[in-house]
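Data first, discussion second: the structure below is written as C-alpha cells.
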Amino acid sequence: MGGVVHTLGTLIEDGGAYKAALKEGDLPKMIGGFLGSVMDNINGRNPLEEDKKQGSYETLNRDAALRVCEAFVTSGENRTYSSPRPFVYISAEDIFRPVIPARYIETKREAERGIEALIANKVQQYRGVYMRPSLVYHAHYRPLTTPAAVLLDLSAALHAKVPPGIPKPSDVLRTLGSAFSPRTTTPYPSSTPMNEQPDTSNGVSDLGSPLDSIANAMTIPPIHVDHVAEAVCVSLQSEDVKGVVGVDRMRELIGWHQMGSEHQLASVSR
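In the numbering used here, the protein residues as written are 2 to 271.
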C-alpha cells in the first residue's frame, strides 16, 4: 500500500441525512438539518458522554481516522520504503461556527494531532497531510452549495482587494470576537505547526470566537470538489507536501494561479 486518503467525516450529526439532501437538492430537508444542528449547539452537549454515539463527530471525524492510520502504520512494520508513505486526511477550515457545533472542527483538529502523534517517530516512513478545504461545492452533485459558493467567493475577492491598513468587515468581526468572548484565544491559521495547535479533547475550545469562524468564511474562498481531489492526487505524489494544506496551498499545488480568470469563473458553475 503506497498511501491512504481518509475522507470519512460528517458536518452534522444526523446519520448522513444532510448529505442526501445536498445531493438531491432538497432545500427544506437541508434547512431542517441545519436548524437541528443550531438547536443542539444552543442546548449544548457533553462530548465525553457522547464519544461512542454512532454517527457522532468523535466517532466519524476523529476515531475512524485514527483507527485507519493505526492499521496503515502497522501494515508497514518491519518493512523499508524508498520514500515516506503519505496518509492524507480530509480535514476542514474553521468556517462553519456557530451554525455548526464547535465539536465538528474540534474533532477534525484532534484527528490531525492524533495522526501526527502516530507517525511522529516514523518520519522517514510516513508523512501526514491534512487537507483543510473551506466550503466544498459542486454545481451538479451539490447544487445547493453553489449560491453560497458564489457569495463567499465574492466576499473573499473583495476582501483581498482592500488596501492594507483599511479595516475590513472580517477585521471588525475578529476584534469584536476578542472583546466579547473571554474564553477565546488568538485563532491559529492553517500554517500553524501541528505541535503548536491547542488541544480540545478535554471539551474546552481554544479555537477562538465564533465571530473568528465567520471572518474566516468571509476571507477564505470556497473550493470545487474536483480541485480538492486534484490537490490530494498531487500530495500523494509529492514528497515535499506534508502537514496542513489550506486552500491557498491547494490552489498552488494544482496550478490554480496559472489557470487564468476565465477558468476560475467557469469552475463555479461546473
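Beta carbons are placed, not taken as given, at the ideal position from N, Cα and C, and that holds for glycine.
Burial of residue 110 is indicated by the presence of at least 16 other C-beta atoms within 10 angstroms of its C-beta.
Listed in chain order, the non-local C-beta contacts of residue 172 below 8 Å within the same chain comprise 216, local neighbours out to five positions each way being set aside. Just measuring C-alpha positions, the residue of 20, 226, 236 sitting nearest residue 86 is 236.
No Cβ-Cβ contact shorter than 7 Å links residue 174 with residue 31. Exposed is the label assigned to residue 241, since fewer than 16 other Cβ atoms lie within 10 Å of its Cβ. As computed with DSSP, residue 87 is found in a beta bridge with 128. Each residue's CA atom was taken as its position, placing residue 131 and residue 180 some 31 Å apart. In the DSSP assignment, residue 160 falls outside any beta strand (DSSP E) and lies within the alpha helix (DSSP H) extending over 146–162.
Taking a contact to require three or more Cβ pairs closer than 8 Å, the segment 220–236 and the segment 65–73 do not qualify as touching. It is roughly 17 Å from the alpha-carbon of residue 26 to the alpha-carbon of residue 226. CA-to-CA, the gap between residue 135 and residue 83 works out to about 33 Å. When C-alpha distances from residue 73 are compared across 4, 245, 147, the shortest belongs to 4. If you check the CB distance, residue 101 and residue 8 do not come in under 7 Å. Excluding sequence positions up to five before and after residue 128, its CB lies within less than 6 Å of the CB of 85, 87, 243, all in the same chain and listed in chain order.
With distances taken between CA atoms, residue 76 lies nearest to 120 out of 58, 103, 120. In the DSSP assignment, residue 115 falls within the alpha helix (DSSP H) that extends over 103–120. DSSP places residue 16 in the coil class of the three-state scheme, outside both helix and strand. Within the model, the alpha-carbon separation for residue 158 versus residue 211 is close to 22 Å.
Taking the Cα positions, residue 155 is about 43 Å away from residue 123. Nearest C-alpha to residue 133 among 17, 29, 246, 10: 246.
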